[in-house]
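Q:
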Amino acid sequence: MFKGGLITSLYVTRAWQDRDASSGLFINPRKDDRWSLTGRIRHRDLTLRGLAPTLELTYEVLGSSIPLYEYRNIGVAFGLSRDF
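As numbered in my numbering, residues 1271 to 1354 make up the sequence shown, in order.
Listed below in structure tokens is the structure:
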């Protein structure tokens, strides 16, 4: 079933922001550092009316100089894709 048709991808993303001015109620300027890791999987032979189901998992972390803005997030997405 999975011989030669399994398609996977992995993405790593990093973004940061360094702001110069203070932010609203906070004295210090906000500095954010965001990391995310996303994996996607599908099998090209499993189709529904020409569309292949996909599964995507994401883990994201935002660190900030202002703790109120920090978070960790896990996401799951299901979708359909079609290659042309």
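Each residue gets a CB set at the ideal place from its N, CA and C atoms; glycine is no exception. A quick note: this is a predicted structure, and the numbers were derived from the prediction, not measured.
#1: On the premise that Leu1327 lies in contact with Gly1349, defined as a C-beta separation below 8 Å, what is that separation, rounded to the nearest angstrom?
#2: Could you check which residue in Ser1306, Asp1302 and His1313 has the C-alpha nearest to that of Gly1345?
#3: Taking 6 Å as the limit between beta carbons, can you name the residues of its chain near Tyr1329, skipping five residues before and five after?
#4: Leaving aside the five residues before and after Lys1301 along the sequence, list all residues of the same chain whose C-beta is less than 6 Å from its C-beta, in chain order.
#5: Looking only at its chain, what residues have a beta carbon closer than 7 Å to the beta carbon of Leu1316, apart from the 5 residues adjacent to it on each side?
A: This is what the structure holds:
#1: With a beta-carbon spacing of about 12 Å, Gly1349 and Leu1327 fall beyond the 8 Å limit used to define contacts.
#2: Minimum Cα distance to Gly1345 is reached at Ser1306.
#3: Correct list, in chain order: Leu1307 and Ile1344.
#4: Within its own chain, the residues whose Cβ lies closer than 6 Å to the Cβ of Lys1301, once the five positions on either side in sequence are excluded, are Asp1288 and Ser1335, listed in chain order.
#5: Excluding residues up to 5 positions away in sequence, Ala1322 and Pro1323 lie with their Cβ nearer than 7 Å to the Cβ of Leu1316 in the same chain.
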